[in-house]
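> These protein sequences, in sequence, are chains A and B.
Under our numbering, the letters of the first sequence match residues 1 to 198, in that order.
Under our numbering, the letters of the second sequence match residues 199 to 300, in that order.
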Amino acid sequence: MDTETNNLELAERLKLIETMMIEGRRSTESYGWTFVLWGVAYYVAILWAGLGHAYLAWPVTMTAAGVLTGVIIARKRSKKPATTAGRAVGAIWWAMGISMFILLMSMGLSGRADQHTLIAIVAAMLGMANAASSMILKWKLQFACALVWWSLTIYACFGRGTALTIAFLVALFFCQIVFGVYGMMAEARARRQGAIHA
Amino acid sequence: MPELPELNPVIHGKLRLALLSLLSGVDDAEFTWLREKTGATDGNLGAQLMKLEEAGYVSVEKKFVQRKPQTLYRMTDGGRAALTEYVQALKQLLGSAVLGDR
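1. Between A/Leu126 and the rest of its own chain, which residues show a CB-CB distance below 6 Å, the 5 nearest in sequence each way excluded?
2. Let me see if you follow: with CB-CB separation under 8 Å, is B/Ala253 close to chain A or not?
3. Are B/Leu217 and A/Ala11 closer than 8 Å when you measure CB to CB?
4. Which chain A residues sit within Cβ distance under 7 Å of B/Val224?
5. So B/Phe262 is in the beta strand (DSSP E); what residue range does that whole segment cover?
6. Are three or more beta carbon pairs between the region 56-73 of chain A and the region 32-43 of chain A nearer than 8 Å?
7. Run through chain A and tell me which residues come within less than 7 Å of B/Val285, C-beta to C-beta.
8. Which bits of chain A does B/Lys260 rub up against, with CB to CB less than 8 Å?
9. Helix, strand or coil for B/Lys235? Go by DSSP, reduced to three states.
10. Report yes if the C-beta distance between A/Ile119 and A/Leu152 is below 8 Å; otherwise report no.
11. Starting from A/Leu10, find everything on chain B with Cβ-Cβ shorter than 7 Å and list it in chain order.
12. Residue ranges of each alpha helix (DSSP H) run of no fewer than 4 residues wholly in the region 80-164 of chain A, ordered along the chain?
13. Locate the beta strand (DSSP E) running through B/Tyr271, then write down its first and last residues.
14. Less than 8 Å between the CB atoms is what I'm expecting for B/Leu243 and B/Leu232, so what's the real figure, rounded?
15. Please state whether DSSP places B/Lys289 in a helix, a strand or coil.
16. Of the choices A/Leu137, A/Gly52 and A/Leu68, whose alpha-carbon is the least far from that of A/Trp33?
17. Beta-carbon within less than 8 Å of A/Leu164's beta-carbon, same chain only, minus the 5 sequence neighbours each way: which residues are those?
18. With a threshold of 16 other CB atoms inside 10 Å of the CB of A/Asn6, please say whether the residue is buried or exposed.
19. Near A/Gly159, which residues of its chain fall below 7 Å by C-beta distance, leaving aside the five closest residues on each side in sequence?
20. Is there a Cβ from chain A that is less than 8 Å from the Cβ of B/Ala216?
21. With H, G and I counted as helix, E and B as strand and the rest as coil, what does DSSP make of B/Glu228?
22. Quick one: which chain A residues come within Cβ less than 8 Å of B/Leu250?
23. Quick check on this structure: which residue in A/Thr162, A/Arg13, A/Leu169 and A/Met135 has the alpha carbon closest to the alpha carbon of B/Tyr284?
24. Going by DSSP in three states, B/Pro203 sits in which element: helix, strand or coil?
25. Looking only at C-alpha atoms, which of A/Thr162, A/Leu137, A/Ala129 and A/Ala57 sits nearest to A/Ser106?
26. Taking Cβ positions, are B/Val224 and A/Gly24 nearer each other than 8 Å?
27. Please report the distance separating the alpha-carbon of B/Leu281 from that of B/Ile209.
28. Please report the distance separating the alpha-carbon of A/Ala131 from that of A/Leu137.
29. Is B/Ala227 close to chain A, meaning its C-beta is less than 8 Å from at least one C-beta of that chain?
30. Got a sec, what are the start and stop residues for the alpha helix (DSSP H) A/Ile177 sits in?
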């Protein structure tokens, strides 16, 4: 009986190690809000550009969203520890964000913002960032988002006017806002589960 | 029959084991985050972290962020090696228990 109890206790220790390691690494779901924020920012920029201020709409909206993201992340970071995977994912999104900012700002200011090229490049970049993140995090749902963005890249090269805009808005809705809300819900669920008492 | 390994008593404590496992997955962690994850009381957590620090398994950094004190704990290379050794010993012991049952 003693040996059996001892073995159970050892197995419990092994389980505790696994659980705590997973818990320590679980930091990525807390970025759901960024998807929602950027999804809304894209909608605002598109709407604003549609009203005839495309040269201002994209640079201003993207800068505002970028600053807001930076401020919120800085505030959150002091509470949560950094992980290697978290830093890798963060680096991908920051690099993509800076590339996108430079591109959109330049295209917006130069007035050479052709809708097809713009959507193709934005969708390809979002596809790349989502795919890379999903591979690091082993998150199939995010990879599905990458597939949607890549499909839109192809469609942007062949599709036409209004249909393309609608396709872009639909992709934004599902891959930014719905996906972001799902991420936030997953984070809230994990918080509700509370501490794993050691 | 090969000799069975002994489990490191410093790591074997449940809370200390949980703390090392948590720290193994992050760069560094705040005292409050460790408390939240383990559900331990301040006193117990502080005491167990001190034991890990004395054993050289974690290092401590105290600083001020926005005028608030912050205590950060980081796993040392020694701590990582000790945890790896502990897990191997644990698996070996469990493996021998399974073989012993046959």
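Positions of the beta carbon are idealized from the N, C-alpha and C atoms, including for glycine.
The relevant details are as follows:
1. Trp149
2. no
3. no
4. Gly24, Pro81, Ala82 and Thr83
5. Val256 to Val263
6. yes
7. Ile17
8. Chain A residues near B/Lys260: none, gap ~14 Å exceeds 8 Å.
9. helix
10. yes
11. Leu288, Leu291 and Leu292
12. 84-110, 115-137 and 140-158
13. Lys266 to Met273
14. 6 Å
15. helix
16. A/Leu68
17. Gln115, His116, Ile119, Tyr155 and Ala156
18. exposed
19. Ala167
20. yes
21. strand
22. Under the 8 Å cutoff, chain A gives no residues; its nearest Cβ is about 13 Å from B/Leu250.
23. A/Arg13
24. coil
25. A/Ala57
26. yes
27. 7 Å
28. 10 Å
29. yes
30. That residue, A/Ile177, is in no alpha helix (DSSP H); it is neither H nor E in DSSP.
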